[in-house]
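Residue numbers (this note's numbering), protein chains in the order written: chain A, 46 to 224; chain B, 38 to 765. Here a beta-carbon is modelled for each residue, glycine too, at the ideal position from N, C-alpha and C. Have a look at the structure below before the remarks.
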Ligand code: FES
Ligand code: FES
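If you want it as structure tokens, here you go:
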């Protein structure tokens with residue numbers, strides 16, 4: 046193999062942008078290059094490692110967070126697109142009063158094994174339970190949750206947890222409610 | 038044993054950490070001055086690397102160094118059983134598979150490393166004749182004499198049998214697709230190597246790293262507190278870990294590498310594709326006269342991994358004439374490795390499918406055929422089973438499923454537009470136990486700490502260790518701290534083989550009992566709470582010592598009185614000679630309903646009823662979760678999962694979650710799992726045989742058998758993708 050000599054050329058300079066956003070209720074400012082995706086910004090730059098990366102391609106749902114209350118894949122969102130937005134991560138789901146009803150229901154229903162897909166499952170579930178486009182029956186929940194892969198296969202318990210949380214969460218849509 | 042905590046449904050003690058995002062998985066670790074590694078992989082599967090063009094990458098912002106052949110430390114190879122791939126990274130210029138690392142870019146940020154890695158170009162000398170898959174070739178592979186088993190005269194018995202079956206079954210290579218990708222953070226501190234790795238075996242990796250870097254074992258530490266699962270592909274470390282530790286050594290700064298999903302799938306392990314020929318001979322009444330099971334599996338050109346497909350076959354059914362053979366064929370793929378119930382998942386699949394074919398041939402109910410050949414002792418060793426309730430599993434699961442209502446004629450059962458198919462299969466996995474050490478500390482605040490160098494990969498090890506301590510000490514779970522996943526802790530087992538429960542809990546119990554002895558010594562010594570009392574007259578009750586008169590003093594008080602922060606006990610536990618007296622296996626049965634809608638070509642697994650006898654389930658909710666998860670994984674194996682290697686050049690085509698299809702929420706059938714409680718005290722004092730793997734055995738066969746029952750089509754190449762149901 047003929048290996049080229051180390052280049053003496055000086056390094057290119059990286060351009061950085063300032064982004065101001067709210068994360069779990071706290072105003073945060075980031076100086077980042079434009080190619081930083083929200084998932085990596087949260088994990089590497091804000092130390093919020095509860096949000097997980099399973100594919101980096103929008104295929105697994107592990108990176109789900111809320112932006113302005115809507116569940117999105119943070120691996121498909123550039124951090125610079127979040128100027129002025131409100132981001133909620135798994136670290137922001139519980140309150141001073143304790144675990145969020147979805148978290149409590151996951152605990153009680155053993156709705157996880159390794160726990161790696163779990164933050165994404167819970168962020169999707171907590172948004173889905175309030176989403177009026179989605180029915181309240183098991184089939185509708187399973188369909189709506191299908192963007193969140195659980196390779197441990199804890200689907201049965203995740204479904205049970207979500208339906209348990211529905212009963213505990215004041216803002217969740219209840220069975221029989223029509224939109 | 039009448040128990041208060043063991044055998045009772047217990048929410049995971051690590052649950053709150055996992056549910057609030059606080060659990061520290063390897064990928065979450067950051068240390069000061071840390072750099073990011075991003076591997077560059079080969080884009081051919083067979084040939085040599087000629088030139089690497091690195092100038093552009095080197096000039097990119099934040100790039101610190103790029104490692105490759107010729108620019109990497111000289112290291113030692115580990116032995117075959119210590120690592121997943123013996124070849125060291127960048128060892129030479131030979132390319133053995135698509136995705137093999139040709140460079141590691143190291144930069145200040147993840148984005149910088151990724152951007153630079155994407156600019157690296159390579160020139161190759163690509164060679165013709167890549168071996169693209171076992172399933173694309175007629176090559177036989179090398180016969181492995183040591184894997185062969187034979188009893189009786191299977192050939193003659195087959196030739197003379199009135200009814201015979203002779204079919205070949207193919208299973209495509211599968212990917213583990215564990216949610217947390219392989220990851221390493223390596224840091225050198227004063228000649229000590231500290232590695233955070235998403236690992237199913239910290240003690241094993243620590244030994245392998247010491248050997249590779251030529252260090253004394255005390256100079257290496259491996260940490261893995263939380264693992265985003267590993268279904269066998271994190272048992273033994275891979276080249277990315279060596280590349281990362283070598284880079285960190287050369288740079289004098291910590292380096293973290295997380296494999297992108299594509300690379301994880303290409304180079305981080307797979308279940309090898311297999312081809313199995315099953316020949317069964319039987320009497321008209323179904324009695325098996327001969328079983329011949331000849332298997333071939335793949336391995337890579339850089340590591341001889343043998344997936345032993347026939348290992349359950351000699352034990353599963355009573356039959357006097359049995360022969361097993363195994364061949365191995367090298368292909369240009371990333372190295373395969375154990376994947377959940379390795380070997381037997383594929384082997385039992387073929388055997389259980391062949392039995393279904395035999396049942397059809399005989400016009401016999403498939404469950405009845407299995408009962409007819411029920412093995413009362415282990416036919417392989419002649420020893421009695423330690424505990425076997427498979428007949429109950431058959432009876433209970435069949436009843437709950439409604440099997441007696443089955444019309445045996447294929448396609449005869451319908452519901453509206455859907456054709457219903459019912460199939461069943463036996464499940465089986467060996468029960469193993471190794472030696473193990475543990476430490477327990479009783480503390481003056483009343484809390485207890487238990488430590489063992491094993492891991493919790495999501496199976497619930499943290500919780501069952503805490504349950505064991507709670508059971509024996511009476512201390513509430515909330516006051517018990519469990520430490521796992523550090524190689525500096527007393528040596529514990531790999532999280533594999535479904536053996537952690539049977540292996541680790543007796544060691545924890547032994548350590549705890551030694552800690553009790555140490556506490557009693559303190560209590561009965563000078564100025565102790567029970568000064569002068571005979572330690573044998575003190576009982577443990579609800580976190581306190583109690584004497585014959587009923588005087589009770591808590592652990593914490595005993596220690597505080599003596600100004601002691603804690604007492605501790607080290608414990609070892611090892612199997613005895615039980616293996617010379619009994620054979621140890623777990624058994625179970627799966628019953629499956631599929632629904633085939635020919636109008637819209639829709640095939641679904643609708644219902645699974647399983648009864649799996651694992652001895653005692655220490656934590657029934659987590660144990661059932663393991664079986665349910667296995668069933669989900671088995672649905673993937675049966676219907677969708679297949680690593681697609683390009684038949685022209687051996688490159689992996691579907692290296693992501695969109696193209697390699699694993700079951701999602703909507704694929705989940707109605708699942709009903711029974712775990713009959715039959716403690717097996719011959720294996721250990723808690724009666725547990727382990728549960729991580731057995732649920733996956735037999736499930737794909739039961740699904741295939743149900744598909745036959747629905748459609749009349751016997752599909753012998755797995756997975757059963759839709760086009761196969763449509764055209765065969
Ligand atoms: S990491 Fe974003 S969807 Fe998988
Ligand atoms: S709990 Fe492991 S992937 Fe869902």
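Kindly list the residues whose CB is nearer than 8 angstroms to the CB of residue 153 of chain A, restricted to its own chain and excluding five residues on each side of it in sequence; keep chain order.
206, 209
May I ask you to report which of helix, strand or coil DSSP gives residue 120 of chain A?
helix
At the level of alpha carbons, what is the spacing between residue 218 of chain A and residue 699 of chain B?
30 angstroms
May I ask which residues mark the beginning and end of the beta strand (DSSP E) holding residue 76 of chain B?
72-78
C-alpha gap between residue 704 of chain B and residue 282 of chain B, whole angstroms
41 angstroms
Between the region 670-696 of chain B and chain A, which residues of the former have CB atoms less than 7 angstroms from a CB of the latter, in chain order?
670, 693, 694, 695
For a test of the three-state rule: what should DSSP assign to residue 336 of chain B, helix, strand or coil?
strand
Name, please, each residue of chain B whose Cβ falls closer than 9 angstroms to the Cβ of residue 214 of chain A.
The contacting residues do not exist; residue 214 of chain A stays about 15 angstroms from chain B at best.
With distances taken between CB atoms, is the gap from residue 473 of chain B to residue 353 of chain B smaller than 8 angstroms?
no
Short Cβ contact (8 angstroms threshold) for residue 101 of chain A with residue 120 of chain A
yes
Is it the case that the Cβ atoms of residue 69 of chain A and residue 134 of chain A are separated by a distance below 8 angstroms?
yes
Whether residue 179 of chain A touches residue 189 of chain A by CB criterion (8 angstroms)
yes
Determine the chain A residues that contact residue 647 of chain B at a beta-carbon separation under 8 angstroms, and present them in chain order.
Per Cβ cutoff of 8 angstroms: no residues; residue 647 of chain B is ~12 angstroms from chain A at best.
Whose Cβ in chain B lies nearer than 8 angstroms to the Cβ of residue 80 of chain A?
148, 152
Could you check whether the Cβ of residue 108 of chain A sits closer than 8 angstroms to any Cβ belonging to chain B?
no
I'd like to know if residue 375 of chain B contacts chain A, where contact means its C-beta is closer than 8 angstroms to some C-beta of that chain.
no
Going along the chain, which residues of its own chain have a beta-carbon closer than 6 angstroms to the beta-carbon of residue 532 of chain B, five neighbours each way excluded?
237, 492, 494
Leaving aside the five residues before and after residue 99 of chain B along the sequence, list all residues of the same chain whose C-beta is less than 6 angstroms from its C-beta, in chain order.
144, 145, 146, 149
Which residue comes first and which comes last in the beta strand (DSSP E) that contains residue 279 of chain B?
Looking at the DSSP string, residue 279 of chain B is not in any beta strand (DSSP E); the run it does join, the alpha helix (DSSP H), is 276-288.
Just the C-alpha distance for residue 767 of chain B and residue 364 of chain B, rounded to the nearest angstrom, thanks.
Any answer about residue 767 of chain B is impossible in this case: the structure gives chain B only from 38 up to 765.
Please specify which runs of the alpha helix (DSSP H), each continuous and at least 4 residues long, are wholly inside the region 143-185 of chain A, giving them in chain order.
146-153, 163-173
So, residue 329 of chain B versus residue 360 of chain B, is the Cβ gap smaller than 8 angstroms?
yes
According to DSSP, what are the bridge partners of residue 770 of chain B?
No statement about residue 770 of chain B is possible, as the shown extent of chain B runs from 38 to 765 and does not include it.
Under 8 angstroms, do residue 633 of chain B and residue 455 of chain B count as touching if we go by C-beta distance?
yes
Compute the beta-carbon to beta-carbon distance between residue 517 of chain B and residue 735 of chain B, rounded to the nearest angstrom, for a pair I have assumed lies under 8 angstroms.
With a Cβ gap of about 36 angstroms, residue 517 of chain B and residue 735 of chain B do not count as contacting.
Note the first and the last residue of the continuous beta strand (DSSP E) segment covering residue 473 of chain B.
473-480
Starting from residue 505 of chain B, trace the alpha helix (DSSP H) both ways and give me its first and last residue.
498-510
Would you list the residues sitting across from residue 421 of chain B in a DSSP beta bridge?
B/414
Consider the Cβ of residue 194 of chain A: report whether some Cβ of chain B lies at a distance smaller than 8 angstroms.
yes
Which chain A residues sit within Cβ distance under 7 angstroms of residue 658 of chain B?
155
The beta strand (DSSP E) with residue 87 of chain B in it runs from where to where?
84-90
Per-residue burial, residue 215 of chain A [other beta carbons within 10 Å of its own, 16 or more giving buried]:
exposed
Given 8 angstroms as the limit, is there contact between the region 267-283 of chain B and the region 76-83 of chain A, that is, 3 or more CB pairs closer than that?
no
Could you check whether residue 431 of chain B and residue 404 of chain B sit closer than 8 angstroms to each other, using their CB atoms as the reference points?
yes
If we cut at 8 angstroms on Cβ distances, does residue 133 of chain A have a partner in chain B?
no
For chain A, is any of its Cβ atoms less than 8 angstroms away from the one on residue 215 of chain B?
yes
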